[in-house]
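Below is one structure, written out as C-alpha cells; comments come after it.
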Amino acid sequence: DIQLTQSPSSLSAYVGDRVTISCRASQSITTYLNWYQHKQGKAPDLLIYAASSLQSGAPSRFSGSGSGTEFTLTISSLQPEDFATYYCQQSDSVPVTFGQGTKLEMK
Amino acid sequence: QVQLQESGPGLLKPSETLSLTCTVSGDSISGYYWTWIRQPPGKGLEWIGNIDFSGTTNYKPSLGSRVSMSVDTSKKQFSLKLTSVTAADTAVYYCARATGTSSPFWYWGQGTLVTVSA
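So the protein sequences, as listed, match chains A and B.
If you're matching positions, the first sequence starts at 84 in this note's numbering and goes up one per residue.
If you're matching positions, the second sequence starts at 81 in this note's numbering and goes up one per residue.
The following block contains the structure:
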C-alpha cells in the first residue's frame, strides 16, 4: 500500500494567514494526488485534483503543487470558513489511501 | 446535479452483517466507479473499496473476505456488505463517485453513522 504522511497533524493560524500543508507519499505517485476539505458532519469536498488543478467552484486562494512523492496544499489568505480538516488522497493505485489529516484551527 | 444518498441500519450487534445502499440521482450509474469510504470516530478517512458499472470490484486487502459490493443499474443503486462486524467497524460510512481508477472522488454522499454495540 502507498502510505501518505501529512504534516503538520494540526495547525493554529489567524484569519488572513498564509498556510501550507504537506503530504509525502511512500513511493512516486506522479501527480495522482488530490486534496479534500472536511467539516464535521458534512461530506468531504474536493479542492484540488491531479496535484495542482483547482476544482470548479473552489476558491482561488487554494492551490496545490508537487509531483512524485512531495506535495503541498497552500491557502493564500485564510478565511473563517477555511477552518476544517484537510486530507490528501492518492489515486495512483489501489488500495486508495488517504493521509491522516491536518486539522486547521483558528488562533 | 448528481446526488448520492446512503441508507441502512444505524445500529448493529457484534457478528452481524452491515448492509448499506447508496442511491444515485441526477446522472447515470453506468460508466463510473462507485466507492465506499468510512471514518471511525476521531480518526481519518479509510477507503473500503470500489465497484464499477460492470461489477468489477477492488477491496481494501485488510478487510479480506468480509467485504463485498454489488451494483443494481436498474435501481441506480450500489451496495456494501461487511460481515462479522465488531466495534472497530463503527464509523460514518460514505459513498462516493469517481470517473476512473485514477480519478478523485468528485461526488460524495452525506454519510451515515453505523454503530456496532452489544
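Cβ coordinates follow ideal geometry from the N, Cα and C atoms, glycine included.
For residue i, write down the residues that DSSP places opposite it in a beta bridge.
i: R177 of chain B; result: B:W114, B:Y187
i: G106 of chain B; result: DSSP, once it has assigned bridges, lists no residue as partnering G106 of chain B.
i: G129 of chain B; result: B:W116, B:Y139
With DSSP run on the structure shown, which of helix, strand or coil describes residue i?
i: R144 of chain A; result: coil
i: L161 of chain A; result: coil
i: L144 of chain B; result: Note on residue identity: the sequence assigns Gly, not Leu, to residue 144 of chain B. Looking at G144 of chain B - three-state DSSP - the assignment turns out to be helix.
i: A171 of chain B; result: strand
i: D175 of chain A; result: coil
Does residue i come within less than 8 Å of chain A when only Cβ atoms are used?
i: L193 of chain B; result: no
i: W116 of chain B; result: no
i: F185 of chain B; result: yes
i: Q120 of chain B; result: According to the sequence shown, residue 120 of chain B is Pro rather than Gln. False, the Cβ-Cβ gap to chain A never drops below 8 Å.
i: L100 of chain B; result: no
Examine chain B for any beta-carbon lying closer than 8 Å to the beta-carbon of residue i, and answer yes or no.
i: A126 of chain A; result: yes
i: Q183 of chain A; result: yes
Would you mind sorting residue i into buried or exposed? The rule is 16 or more other CB atoms within 10 Å of its CB.
i: D200 of chain B; result: The structure shown does not extend to residue 200 of chain B, since chain B is modelled only from 81 through 198, so no value can be given for it.
i: L100 of chain B; result: buried
i: T97 of chain B; result: exposed
Of the residues that make up the region 131-142 of chain A, which ones have a beta carbon closer than 9 Å to any beta carbon in chain B?
Interface annotation for the region 131-142 of chain A against chain B: I131, Y132, A133, Q138, criterion Cβ-Cβ distance under 9 Å.
Return the residues of the region 161-188 of chain A that lie within a Cβ-Cβ distance of less than 9 Å from chain B, sorted by chain order.
Considering only beta carbons, the part of the region 161-188 of chain A lying closer than 9 Å to chain B consists of T168, Y170, Q172, S174, D175, S176, V177, P178, V179, T180, F181, G182, Q183, G184, in chain order.
Taking Cβ-Cβ distances below 7 Å as the criterion, which residues of the region 159-185 of chain B are in contact with chain A?
Within the region 159-185 of chain B, the residues whose Cβ lies closer than 7 Å to some Cβ of chain A are Y174, S182, S183, P184, F185, listed in chain order.
Could you name the residues of the region 81-94 of chain B whose beta carbon sits closer than 9 Å to any beta carbon of chain A, in the order they occur along the chain?
So the close ones are L84.
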